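Each residue of the sequence shown is one higher than the last, beginning at 163 in the working numbering.
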Amino acid sequence: MISIKNLEFRYGDSEDPALRDITLDVESGDFLGIIGPSGAGKSTLTYAMSGVIPHHYKGDFYGSVEIGGLDTVQSSPEAIARHVGSVFQDVEGQLLASVVEDEILFGLENFGIPREEIEERIEYALSSSGISDLRCRTIASLSGGQKQKVAIASITALRPEVIVLDEPTGELDPQSSRRVFETLRELNHTYGVTVVIVEQKIMMLCEFARRMAVMEAGRIILEGPVREVLSHGERLEEAGVNIPRVAALSRRLREAGLYRGNTPIDLAEAETMMREVAADAAF
Ligand SMILES: Nc1ncnc2c1ncn2[C@@H]1O[C@H](COP(=O)(O)OP(=O)(O)OP(=O)(O)O)[C@@H](O)[C@H]1O
Ligand SMILES: [Mg+2]
163 MISIKNLEFR
173 YGDSEDPALR
183 DITLDVESGD
193 FLGIIGPSGA
203 GKSTLTYAMS
213 GVIPHHYKGD
223 FYGSVEIGGL
233 DTVQSSPEAI
243 ARHVGSVFQD
253 VEGQLLASVV
263 EDEILFGLEN
273 FGIPREEIEE
283 RIEYALSSSG
293 ISDLRCRTIA
303 SLSGGQKQKV
313 AIASITALRP
323 EVIVLDEPTG
333 ELDPQSSRRV
343 FETLRELNHT
353 YGVTVVIVEQ
363 KIMMLCEFAR
373 RMAVMEAGRI
383 ILEGPVREVL
393 SHGERLEEAG
403 VNIPRVAALS
413 RRLREAGLYR
423 GNTPIDLAEA
433 ETMMREVAAD
443 AAF
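Listed below in structure tokens is the structure:
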């Protein structure tokens, strides 16, 4: 679905490249989480996946990015937008309408969604984001978290082939964040939407994402199934990524020679690990 080959990008006004030698394939139907410290290039990579680079931000661009078979350098932003929907880190700049329902409606009209489907799509998007009550509110009167939900709703309404989201839960409480992930999972399962999400809440990523890419200083330093990436605890800590406590615990037990099994990614698996350790210690 997305194929990035040897991508290097340097913003026009910078000396150092923000992305270096990125090669990454995202299969159709995948759910990929991107993590990494501040300044690692996560947002820049999402720009490259939605055509914002090179069409909006100018600079030196080497290598190639293909989305649904379209080369992003050779395709217009409009053509790219037919395949990818994006929620940017700066949500404010993304919302164009003055009233919530119009924001969702504009996208649907631009996408050429048939009239008779529009109402159902608006209702679905509002209710899955938990903002049905905000439908007639002006966007200017909303909080940061509510705006985030509107941006997510207007993309989910479109059900594009790929959704790229950059820290979409930054201003949301844990319950609303979970709801975002559940909506994405539903889109992924029911409509086969490919999801790429930059996210700090790593436990949430571990639960919902299938694969994970870790960035540091413009490069992807680890990439693979979530559990495999988490098993590189030392490398992740070195990069400044907080790993889930259960994964950190398994690493310490492993270092102490007390555990040799898989890296747990949730509490239930951590419990199984502790039972194994306790059973071994009994001998
Ligand atoms: N519009 C821009 N113009 C010039 N340089 C930029 C621009 N946006 C980002 N950069 C630089 O590119 C590098 C990567 O930044 P980017 O925003 O992609 O990182 P990030 O991983 O998303 O960080 P954060 O976690 O803080 O959001 C940084 O050195 C940053 O200063
Ligand atoms: Mg960012």
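Built from N, CA and C at the ideal position, the CB exists for glycine as well. Keep in mind the model is a prediction, meaning the values are calculated, not measured.
Taking the beta carbon of residue i as the centre, do at least 16 other beta carbons fall within 10 Å, making it buried, or is it exposed?
{"i": "S291", "result": "buried"}
{"i": "G174", "result": "exposed"}
{"i": "S238", "result": "exposed"}
{"i": "L398", "result": "buried"}
{"i": "C368", "result": "buried"}
{"i": "G395", "result": "buried"}
{"i": "D328", "result": "buried"}
{"i": "E361", "result": "buried"}
{"i": "S339", "result": "buried"}
{"i": "S303", "result": "exposed"}
{"i": "S200", "result": "exposed"}
{"i": "H245", "result": "buried"}
{"i": "T208", "result": "buried"}
{"i": "L258", "result": "exposed"}
{"i": "R422", "result": "exposed"}
{"i": "S412", "result": "buried"}
{"i": "Q236", "result": "exposed"}
{"i": "N350", "result": "buried"}
{"i": "P322", "result": "buried"}
{"i": "E378", "result": "buried"}
Nearest CA to the CA of residue i: which residue from the options?
{"i": "R372", "options": "D192, T185, I166", "result": "D192"}
{"i": "L232", "options": "I166, F268, A259", "result": "I166"}
{"i": "S289", "options": "P216, V312, R389", "result": "V312"}
{"i": "Q337", "options": "G307, E323, Y353, T352", "result": "G307"}
{"i": "K220", "options": "E281, V357, A180", "result": "A180"}
{"i": "R381", "options": "V188, I196, E189", "result": "I196"}
{"i": "S212", "options": "E189, N424, G225, E240", "result": "E240"}
{"i": "R172", "options": "E189, L194, I215", "result": "I215"}
{"i": "D222", "options": "M377, Q236, L169", "result": "L169"}
{"i": "D442", "options": "L420, G386, T434, N424", "result": "L420"}
{"i": "S260", "options": "S226, N272, L296, S176", "result": "L296"}
{"i": "G332", "options": "S294, A401, D252", "result": "D252"}
{"i": "G230", "options": "F370, S190, Q310, V391", "result": "S190"}
{"i": "S389", "options": "E431, R414, V358", "result": "The sequence shown places Arg at residue 389, rather than the Ser named in the question. Nearest of E431, R414, V358 to R389, Cα basis: E431."}
{"i": "L194", "options": "R341, V355, A440", "result": "V355"}
{"i": "V439", "options": "L415, A409, D428", "result": "L415"}
{"i": "P301", "options": "P406, Q256, M436", "result": "According to the sequence shown, residue 301 is Ile rather than Pro. Measuring from the Cα of I301, the nearest candidate turns out to be Q256."}
{"i": "V324", "options": "R182, D187, D178", "result": "D187"}
{"i": "I427", "options": "A409, E417, A444", "result": "A409"}
Which one or two residues does DSSP pair with residue i in a beta bridge?
{"i": "G386", "result": "M374"}
{"i": "I229", "result": "I164, L232"}
{"i": "R381", "result": "E378"}
{"i": "I359", "result": "G195, L327"}
{"i": "F171", "result": "L181, F223"}
{"i": "D187", "result": "S165"}
{"i": "G247", "result": "I325"}
{"i": "T300", "result": "V261"}
Is residue i near ligand 3 - that is, is its Cβ less than 7 Å away from at least one heavy atom of it?
{"i": "D328", "result": "Ligands in the displayed structure: ligand 1 and ligand 2; ligand 3 is not one of them."}
- [ ] Considering only heavy atoms of ligand 1, list every residue whose Cβ is less than 6 Å from one of them, following chain order.
- [x] Y173, D175, S176, A180, G198, S200, G201, A202, G203, K204, S205, T206, Y219, Q251
Open item on the list: Three or more C-beta pairs under 8 Å: does that hold for the region 308-318 against the region 254-271?
Closed with: yes
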